[in-house]
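For reference, the structure discussed in these notes is given below.
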Amino acid sequence: MKVSLLYFARFRQCLGVDEEIIDAAAGSTVADIIDSLAARGGIWQELFAGDTSVMAAINEQMASLGSAVQDGDTLALFPPVTGG
Amino acid sequence: MDTALLDTLITQVPLDVQTASDWLHAEAGASGAVVMFSGLVRGEQGEVDTLTLEHYAGMSDRVLEQLAADVASRWPLQRVLAWHRVGSMSVGEVIVLVGVTAAHRQEAFLAASCLMDMLKTRVPLWKKVNGPQGEQWVEARDKDLQAAQRWL
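Chains A and B, in that order, are what the protein sequence lines are.
For the first sequence, this note's numbering begins at 15 and goes up steadily by one.
For the second sequence, this note's numbering begins at 28 and goes up steadily by one.
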C-alpha cells in the first residue's frame with residue numbers, strides 16, 4: 015500500500031526531506047513504518063531506532079505507535095511539540 | 028449555558044495584544060473575569076536573537092480549535108481566545124496569546140492555565156532558537172508534559 019510521509023522540525027531538517035511516498039506492507043502500524051525507516055541506516059537509524067521520541071499523526075489526527083495505517087493515508091512524523 | 032465564543036488563530040502576522048484584549052473585554056457585564064496570558068520570546072541573556080516557529084499547517088489550526096472547545100465545555104466560559112504566531116520573531120515579541128472570560132475569576136484562571144498547558148503539549152508547533160551559538164531546535168520538557176497531565 016502507498017503511504018505519504020511528512021517530516022517536521024528537527025526530523026525534516028536532519029533528513030533533508032519534508033515528504034515522500036513509500037510502499038508499506040498491508041496491515042502496517044505506525045511502529046512498523048518507523049522501524050522500516052530506521053532500517054535505512056545512518057541518520058534514519060539515529061532518528062528512528064530504539065526508544066527515541068517520535069510523535070505521529072495519521073491524516074492530521076494524533077496516532078499512537080500501534081495505530082494501523084491504511085492505503086492512501088498521510089502519516090506525519092515529528093519530535094515532541096514545543097509551542098507556546 | 029450558552030455556547031462560548033471561540034477565537035483561534037495561527038498566523039505569521041505579529042499578534043496584536045490590544046485587539047485580543049478588546050475582544051475579551053467586549054462583554055463586560057456578562058463576564059466578571061477576564062484572564063489573558065501572553066507568552067514572549069525570551070532573550071536568555073543574549074543567547075537568543077530570534078525564534079522560529081514551525082507548524083503542521085492544517086493540523087495545528089484544528090488541534091488549537093479543538094483545545095479551545097474542550098476548555099469551553101469544561102468550565103462555564105463566555106469567550107475563549109487562543110492565538111499562536113509562527114515564522115520568525117525577535118526577542119520580546121509575542122509568541123502566544125491565550126485568554127478566557129467567565130463570571131468569576133477561579134474558573135477563568137483554571138481554564139486559561141489548562142488551555143495553555145494543553146497547547147504546549149498538543150499543538151504541532153516546534154521552536155528553533157537562533158543566536159550567537161548558531162541555531163538549535165528546542166527540546167520538549169518533562170515539566171510541560173507534567174503540567175498538561177494534571178488536567179487529564
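For every residue, glycine included, the Cβ atom is placed at its ideal position computed from N, Cα and C.
Residue pairing by DSSP places E33 of chain A opposite A:L20 in a beta bridge. Between L124 of chain B and V75 of chain B, the CB-CB gap reaches or exceeds 8 Å. The three-state reading of DSSP puts D34 of chain B in strand, counting E and B together.
For the beta strand (DSSP E) assignment, the uninterrupted runs of no fewer than 3 residues enclosed by the stretch 104-157 of chain B are, from N- to C-terminal side, 104-112, 114-117 and 121-129.
According to the DSSP secondary-structure assignment, T77 of chain B is paired through a beta bridge with B:S117 and B:N157.
In the structure shown, M86 of chain B adopts helical secondary structure according to DSSP, grouped into three states. As DSSP reads the structure, F64 of chain B sits in a beta bridge with B:V125. Taking 7 Å as the Cβ-Cβ cut-off, the stretch 71-89 of chain A approaches chain B at A71 and E74, given in chain order. Comparing alpha carbon positions, the residue from A:I35, A:A40, A:F22 and A:E33 closest to Q84 of chain A is A:A40. C-alpha of A129 of chain B to C-alpha of A175 of chain B: approximately 21 Å in a straight line.
Residue range T88 to F92 is occupied by the beta strand (DSSP E) that includes L89 of chain A, with no alpha helix (DSSP H) assigned at that position. The three-state secondary structure of A77 of chain A, taken from DSSP, is strand.
With respect to the 8 Å criterion, T148 of chain B and V95 of chain A are classified as neighbours on the basis of their beta carbons. Nearest CB-CB separation between A23 of chain A and chain B: below the 8 Å threshold.
If you draw a straight line from the Cα of V165 of chain B to the Cα of G59 of chain B, it is about 38 Å long. Sequence-distant Cβ neighbours of G80 of chain A in its own chain, meaning closer than 8 Å and more than five residues away, are T43, V44 and A45. The beta carbon of E120 of chain B sits no closer than 8 Å to any beta carbon of chain A. Counting only the Cα atoms, L36 of chain B lies some 15 Å from L51 of chain B. Cβ-Cβ distances below 6 Å link F22 of chain A to F92 in the same chain, with the five nearest sequence neighbours on each side left out; the list follows chain order. Within the stretch 136-167 of chain B, the residues whose Cβ lies closer than 8 Å to some Cβ of chain A are M143, L146, K147, T148, R149, V150, P151, L152, W153, K154, K155, W164, V165, E166 and A167, listed in chain order. Going by beta carbons, L104 of chain B and M145 of chain B fall outside the 8 Å limit. The Cβ atoms of L42 of chain B and V121 of chain B lie closer than 8 Å to each other. For G70 of chain B, the CB contacts under 7 Å within the same chain, skipping 5 residues up- and downstream, are V118 in chain order.
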